[in-house]
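Working notes, structure below.
Residue numbers (this note's numbering), protein chains in the order written: chain A, 1 to 111; chain B, 1001 to 1113.
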């Protein structure tokens, strides 16, 4: 089945540690996105990528990094510079001017 | 700065009631407006509205867009407990080949039996 797979479902980060969230899609979509969702809030855009080897900062990119080496994959690294990383992270993909499809998310917590 | 406001923030109803959810927006280079339903995990797509005044329907759900007044509404008739979720609206905007979505904070709908 076509879809977006995010892993892991739950992740814990220690102080000073970088962690990487995985996002893979087999929908053949060109664009991929990372969002952060805090309790009681909507989704905020962290980074997005329209083509391989290119990506742009969203509204809250500080403390995060991404790569897009393959069309199918768009991993997100939460660096130690992100001081409040506890949140629900959602990955999405789309083709031009069509609705974004979302993965099931990763919940990140601080140890 | 792009802005999206949803109201009410939360709503509690009983099965069979009809509800109306509101979304007002101010974005640059507006293209369309999307509604999503989020239960526990991934938001699932409901509607994409591009033209003013044309109602889109899917079963008991319907939605309409007013591009002059910059708002959209989502109606749910004969609500069921399975409609309990967070409903998100998101204008799609931008001048490049791929725009971006700006999400509202969501309306939490709780439907009691």
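Ideal placement from N, C-alpha and C gives every residue a C-beta, glycine not left out.
Three-state secondary structure assigned by DSSP to residue i
i, result
"residue 1081 of chain B", "helix"
"residue 96 of chain A", "coil"
"residue 25 of chain A", "strand"
"residue 1027 of chain B", "coil"
"residue 74 of chain A", "coil"
"residue 53 of chain A", "coil"
"residue 1051 of chain B", "coil"
"residue 1056 of chain B", "strand"
"residue 1108 of chain B", "strand"
"residue 1119 of chain B", "Chain B is shown only over 1001 to 1113; residue 1119 of chain B falls outside these bounds and no answer can be derived."
"residue 41 of chain A", "coil"
"residue 1103 of chain B", "coil"
"residue 1006 of chain B", "strand"
Whole-angstrom distance between residue j and residue i, CA atom to CA atom
i, j, result
"residue 1078 of chain B", "residue 1069 of chain B", "28 Å"
"residue 5 of chain A", "residue 1112 of chain B", "33 Å"
"residue 63 of chain A", "residue 80 of chain A", "7 Å"
"residue 1076 of chain B", "residue 27 of chain A", "30 Å"
"residue 1081 of chain B", "residue 1090 of chain B", "24 Å"
"residue 1108 of chain B", "residue 1011 of chain B", "6 Å"
"residue 1105 of chain B", "residue 1009 of chain B", "8 Å"
"residue 1007 of chain B", "residue 97 of chain A", "26 Å"
"residue 1093 of chain B", "residue 1002 of chain B", "9 Å"
"residue 1017 of chain B", "residue 41 of chain A", "26 Å"
"residue 88 of chain A", "residue 99 of chain A", "21 Å"
"residue 1099 of chain B", "residue 16 of chain A", "34 Å"
"residue 1085 of chain B", "residue 58 of chain A", "26 Å"
Strand pairing of residue i, partner residues [DSSP]
i, result
"residue 12 of chain A", "A/109"
"residue 1098 of chain B", "Partner(s): none; residue 1098 of chain B has no beta bridge."
"residue 1038 of chain B", "B/1086"
Cβ-heavy atom distance, residue i to the ligand ATP, below 8 Å
i, result
"residue 22 of chain A", "No copy of the ligand ATP appears in this structure; indeed no ligand is present at all."
Item to complete: Taking only beta carbons into account, state which residues of the segment 1078 to 1107 of chain B come closer than 7 Å to chain A, listed in chain order.
Response: 1088, 1097, 1098, 1100, 1101, 1103, 1104, 1105, 1106
Item to complete: Residues of the segment 1034 to 1045 of chain B with a CB closer than 7 Å to any CB of chain A: list them in chain order, please.
Response: 1034, 1041, 1042, 1043, 1045
Discussion item. Along the segment 1014 to 1032 of chain B, where does the CB come closer than 9 Å to a CB of chain A? Name the residues.
Written reply: 1031, 1032
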